[in-house]
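Asks:
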Amino acid sequence: MLNRADNELLTRIGPGTPMGAMLREYWVPACRSAILEADGAPERVRLFGENFVAFRATDGRVGFMQEACPHRCASLALARNEDNGLRCIFHGW
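Below, the structure written as structure tokens:
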């Protein structure tokens with residue numbers, strides 16, 4: 000039986016945790032790329048306690064990034080998928 004401290008160490012996987020850091024070093028399946036359509040709406044993905052979006056660009060490449068826009072933290076799940084990237088609906092870039 001694990002003690003409480005060891006259980007916390009092994010089961011917490013959010014940002015800034017030891018197990019979270021270890022898991023982020025490896026490839027992890029997040030969603031099926033077959034569901035992503037070129038220039039289609041981004042798909043929300045929750046992984047390791049964080050929110051991401053997955054999308055397929057105009058040229059067919061798959062993108063995966065943080066859900067929050069780096070400029071104003073608007074949700075990129077609502078972004079426009081165009082010109083091989085996501086365009087934030089809040090400020091247009």
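According to numbering that gives the first Met the number 0, the residues represented by the sequence shown are 0 to 92, in order.
Glycine included, every Cβ here is placed at the ideal spot set by N, Cα and C.
1) Would you kindly work out how many angstroms separate the C-alpha atoms of alanine 33 and arginine 60, rounded to a whole number?
2) Considering only the beta carbon of each residue, do methionine 21 and leucine 8 sit closer than 8 Å?
3) Return the bridge partner residues of glycine 19 from the DSSP annotation.
4) My output table needs one value for leucine 1: the three-state DSSP class, helix, strand or coil.
5) Hey, out of Met0, Cys72 and Val52, whose CA is closest to asparagine 80's CA?
Replies: Answer, in terms of the structure:
1) Position 34 of the sequence shown holds residue 33. Position 61 of the sequence shown holds residue 60. Going from the Cα of alanine 33 to the Cα of arginine 60 covers about 12 Å.
2) Mapped onto the sequence shown, residue 21 falls at position 22. Mapped onto the sequence shown, residue 8 falls at position 9. Not closer than 8 Å, so no.
3) What you label residue 19 is simply residue 20 of the sequence shown in a count that begins at 1. BP columns for glycine 19 are empty, so no partner.
4) Start at 1 with the first residue of the sequence shown, and residue 1 comes out as number 2. Leucine 1: coil per DSSP, three-state reduction.
5) One-based indexing of the sequence shown puts residue 80 at position 81. Nearest option by C-alpha distance: Val52.
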